[in-house]
Amino acid sequence: MSVPLLRLEHIDKRFGAVQVLTDVSLDVPEGQVTALAGDNGAGKSVLVKCVAGIHRPDAGQILWEGRPVELNNPRDASALGIEIVYQDLALCDNLDIVQNMFLGRERTRRRLLDEASMEGAARRTLRSLAVTTVRSIRQPVRSLSGGQRQSVAIAKSVLWNSRLVIMDEPTAALGVAQTEIVLQLIRRLADRGVAVIVISHNMNDVFRVADRIAVLHLGRLAAVRPAGELDHRTVVDLMTGGSSTRSVDAIAVT
């Protein structure tokens, strides 16, 4: 079997007296969407923040292409090609699309901003992801719809040759049409060979976009299976109780 892009082995994390993650092991392969499901407080956000270099695990190890790595801060994660799109998107409403995509990583030429280079790179990235709904790459982010804002945030994450993109509730508060745009964009990322982790409470979206579903329950991995081997009710059982009697095969952890 090929080595997964990311492998988490026996990850533990606690904050004070609270054990948030316990013995979590998970593979994240390239070119697939791995959905991370779980009830509130299950440890989803803490787990991905360990991958993003925001939290350091108390035990276990993180392997990148089969090699152990230490992610001491978000810069370490970015250097490997790990980007995270938070639920609040972390976009600046007063800046335009290009300025947002290059915020903190501006290109310069002769000590001046290289606007032409940044515009070209932003336009190529949006085009490669088939993001065609924005009127202009110079329009302020405040003028964009929810789906367009999410598209810009995703495009920003892949602008830097990212190999793993983590998305936290990417379709939250979006309408039907906007959700469709974002789900198609997530699939395009995977089709390009990017590994994608999606945190979502929306089971309809999860089953539409995910190749694999990993379920956390009270900080432990309850199951990880191909999406086709699970159904909505089984995933809900696993999220709320940590097990399911609906299918023996569907709850076996691999």
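Numbering-wise (the numbering used here), the sequence shown opens with residue 566 and increments by one. Just so it is clear, CB atoms sit at the ideal spot from N, CA and C, and this is done for glycine as well.
*Where do the ends of the beta strand (DSSP E) carrying isoleucine 731 lie?*
Taking the first residue of the sequence shown as position 1, residue 731 is located at position 166. Unbroken beta strand (DSSP E) run through isoleucine 731: 729–733.
*Just the Cα atoms here: how many angstroms apart are alanine 617 and serine 765?*
Locating residue 617 in the sequence shown gives position 52, counting from the first residue. Locating residue 765 in the sequence shown gives position 200, counting from the first residue. Separation of alanine 617 and serine 765 (C-alpha to C-alpha, rounded to the nearest whole angstrom) is 17 Å.
*Among Cys657, Thr599, Val663, Val789, which residue has its Cα nearest to the Cα of arginine 688?*
Along the sequence shown, one-based indexing puts residue 688 at 123. Among Cys657, Thr599, Val663, Val789, the Cα nearest to that of arginine 688 belongs to Val663.
_Between which residues of its own chain and serine 727 is the CB-CB distance below 6 Å, once the five residues before and five after are set aside?_
The residue you call residue 727 lines up with position 162 of the sequence shown. Closer than 6 Å at the Cβ level, and outside the excluded window around serine 727, lie Gly646, Glu648.
*Go through its chain and collect everything with a Cβ distance to proline 705's Cβ below 6 Å, but skip five positions before and after it.*
Residue mapping note: residue 705 aligns to position 140 of the sequence shown, counting from 1. If the five residues before and after proline 705 are omitted, its C-beta is found closer than 6 Å to the C-beta atoms of Asp661, all from its own chain and listed in chain order.
*From this set, Glu734, Gln597, Ser643, Gly596, which residue's C-alpha is nearest lysine 721's C-alpha?*
Within the sequence shown, the letter at position 156 stands for residue 721. Nearest of Glu734, Gln597, Ser643, Gly596 to lysine 721, Cα basis: Ser643.
*Terminal residues of the continuous beta strand (DSSP E) containing isoleucine 619?*
For the purposes of this step, residue 619 is taken as residue 54 along the sequence shown, with counting starting at 1. In this chain, isoleucine 619 is not harboured by any beta strand (DSSP E), its DSSP state being neither H nor E.
*If you pair each beta-carbon of the region 770–786 with each one of the region 579–591, do three or more pairs fall below 8 Å?*
They touch, by the three-pair rule.
*Taking Cβ positions, are isoleucine 719 and leucine 750 nearer each other than 8 Å?*
Position 154 of the sequence shown, counted from the first residue, corresponds to residue 719. Position 185 of the sequence shown, counted from the first residue, corresponds to residue 750. If you check the CB distance, isoleucine 719 and leucine 750 come in under 8 Å.
*asked:* Tell me the DSSP secondary structure of serine 682 in three-state form.
replied: The sequence position of residue 682 within the sequence shown is 117, counting from 1. It is helical.
*Answer with buried or exposed for threonine 819, where buried requires no fewer than 16 other C-beta atoms within 10 angstroms of its C-beta.*
Locating residue 819 in the sequence shown gives position 254, where the first residue counts as 1. Per-residue confidence for threonine 819 stands at a pLDDT of 44, beneath the threshold of 50, marking its modelled position as unreliable; the derived number appears in the next sentence. By the Cβ neighbour-count rule, threonine 819 is exposed, with fewer than 16 other Cβ atoms within 10 Å of its own.
*Collapsed DSSP secondary structure at serine 590 in the structure displayed*: For the purposes of this step, residue 590 is identified with residue 25 of the sequence shown, where counting begins at 1. Secondary structure at serine 590: strand, using DSSP grouped into helix, strand and coil.
*Under 7 Å Cβ to Cβ from leucine 656, same chain only, skipping five residues before and after it: list those, please.*
Counted from its first residue, the sequence shown places residue 656 at position 91. Asn665, Val706, Arg714, Val717, Ala718.
_Between which residues of its own chain and arginine 672 is the CB-CB distance below 6 Å, once the five residues before and five after are set aside?_
Here residue 672 corresponds to residue number 107 of the sequence shown, with the count starting at 1. Shown here for arginine 672: same chain residues with a beta carbon closer than 6 Å to its own, the five before and five after excluded, namely Asp679, Ser682, Met683 in chain order.
*Beta carbon of valine 759, beta carbon of valine 723: below 8 Å?*
One-based indexing of the sequence shown puts residue 759 at position 194. One-based indexing of the sequence shown puts residue 723 at position 158. For valine 759 and valine 723, yes; Cβs fall inside 8 Å.
*Same chain only: Cβ atoms within 8 Å of methionine 768, ignoring 5 sequence neighbours per side*: Start at 1 with the first residue of the sequence shown, and residue 768 comes out as number 203. Apart from the 5 residues on each side of it in sequence, methionine 768 sits with its Cβ closer than 8 Å to the Cβ of Ala602, His797, Val800, Val801 in its chain, given in chain order.
*With a 10 Å radius around its C-beta and 16 neighbouring C-beta atoms as the bar for buried, classify leucine 636 as buried or exposed.*
Here residue 636 refers to the residue found at position 71 when the sequence shown is read from its first residue. So leucine 636 ends up on the buried side.
_Spatial distance of glycine 608 from proline 735 (CA atoms)_ = Locating residue 608 in the sequence shown gives position 43, where the first residue counts as 1. Locating residue 735 in the sequence shown gives position 170, where the first residue counts as 1. Cα-Cα distance, rounded: 18 Å.
_Three-state class that DSSP yields for proline 639 in the structure shown_ = By 1-based counting over the sequence shown, the position of residue 639 is 74. For proline 639, the three-state secondary structure derived from DSSP is helix.
*Using only alpha-carbon positions, find the residue among Val789, Ser710, Thr810 that is nearest to leucine 654.*
What you label residue 654 is simply residue 89 of the sequence shown in a count that begins at 1. The residue among Val789, Ser710, Thr810 with its C-alpha nearest the C-alpha of leucine 654 is Ser710.
*For the region 764–801, which segments carrying the alpha helix (DSSP H) assignment without a break, of at least 4 residues, lie completely within its bounds, in sequence order?*
Runs found: 768–774.
*First and last residue of the uninterrupted alpha helix (DSSP H) at threonine 744*: Here the question's residue 744 lines up with position 179 in the sequence shown. Counting along the chain, the unbroken alpha helix (DSSP H) around threonine 744 starts and ends at 741–756.
*Assign serine 610 to one of two classes, buried (16 or more other C-beta atoms within 10 Å of its C-beta) or exposed (fewer than that).*
Position 45 of the sequence shown holds residue 610. With 16 or more Cβ atoms within 10 Å of its Cβ, serine 610 is classed as buried.
*Would you mind sorting arginine 692 into buried or exposed? The rule is 16 or more other CB atoms within 10 Å of its CB.*
Stepping through the sequence shown from its first residue, residue 692 is reached at position 127. By the neighbour-count rule (16 or more Cβ atoms within 10 Å), arginine 692 is not buried but exposed.
_Assuming contact is defined by CB atoms lying nearer than 8 Å, are threonine 599 and arginine 777 in contact in what I supplied?_
By one-based count along the sequence shown, residue 599 stands at place 34. By one-based count along the sequence shown, residue 777 stands at place 212. Against a cut-off of 8 Å, the Cβ pair of arginine 777 and threonine 599 comes out as a contact.
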